[in-house]
Amino acid sequence: MTSREPARTTTRRTPRILVAGLLVVIAAIAAALGYQASSSSRAASPIDVLGSEHRGALGEADGAVPDGTTVFDDKIPGVANLDPALLGALRQAATDAADDGVDLYVDSGWRSPKYQEQLLHEAVSKYGSEKEAARWVATPNTSAHVSGDAVDIGPFDATAWLSEHGAKYGLCQIYRNEPWHYELRPEAIDHGCPPMYADPTHDPRMQPAEHE
Ligand SMILES: [Zn+2]
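First residue of the sequence shown: 118, per this note's numbering; consecutive thereafter.
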């Protein structure tokens with residue numbers, strides 16, 4: 118006995134079944150296209166947009182990550198060059214998130230200084246001024262991505278999961294304007310995450326002049 122019953126297709130309304138079949142095909146194509154569109158324009162983050170624009174110019178060796186990269190992809194430099202403690206926390210969190218049916222993807226992790234420089238350059242032309250660009254993209258000297266201490270997570274349900282559960286792993290959102298940007302704050306495990314900065318321009322680390 119097969120589960121398919123061709124006899125039914127002749128007695129019942131064949132055209133409707135053909136139409137249904139066509140719809141399935143169309144839906145599959147649409148889903149495939151939709152997936153591509155949504156994964157390349159998973160663009161809540163301006164940095165994502167910049168990153169995808171630069172994917173051609175800058176390779177994985179500089180920290181560009183292909184769509185669908187996870188915290189377990191340790192052959193990808195953007196993941197492998199993250200601080201081991203941050204990566205460990207991310208992997209624990211990703212494992213538990215998966216149990217909740219939520220997949221964590223890495224939109225950006227470690228970046229080479231060259232990559233960060235290009236992102237900054239791009240941001241200046243995108244936002245029109247260095248001052249405005251600084252709200253979104255750090256310099257190679259100040260970026261926590263360049264030091265391997267920051268990761269941009271997507272998509273939305275993953276960041277929503279992290280914002281609820283991240284502190285348990287020491288994973289904290291740092292900037293209110295960047296819900297995708299996470300860094301390790303081990304003290305958060307006991308005390309919760311520290312208050313967020315409104316944006317990176319309020320972060321003392323982003324003002325090297327004050328340190329030097
Ligand atoms: Zn970031």
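Yeah, the Cβ is synthetic: ideal placement off N, Cα and C, and Gly gets one too. Since we're looking at a predicted model, the values are computed, not measured.
> For Q233, which of helix, strand or coil comes out of DSSP?
Replying inline: helix
> What separation, rounded to the nearest whole angstrom, lies between the Cα atoms of A284 and D307?
Replying inline: 8 angstroms
> Looking at the structure shown, is V196 part of a helix, part of a strand, or coil, going by DSSP?
Replying inline: helix
> DSSP on H238, reduced to helix/strand/coil?
Replying inline: helix
> Taking Cβ to Cβ, would you say L204 is nearer than 7 angstroms to A211?
Replying inline: no
>> Please return the same chain residues whose Cβ sits closer than 6 angstroms to the Cβ of E234, not counting the five positions on each side in sequence.
In response: P257
>> DSSP three-state label for L150, please.
In response: Interpretation of L150 is limited by its pLDDT of 47, a score under 50 that renders its predicted location unreliable; no figure is taken from the coordinates.
> What residues match up with Y314 in a beta bridge as DSSP calls it?
Replying inline: Y292
> Skipping 5 residues on each side, what residues in its chain have a beta carbon closer than 6 angstroms to that of G339?
Replying inline: In the structure as shown, the chain begins at 118 and stops at 329. Residue 339 is therefore absent and cannot be evaluated.
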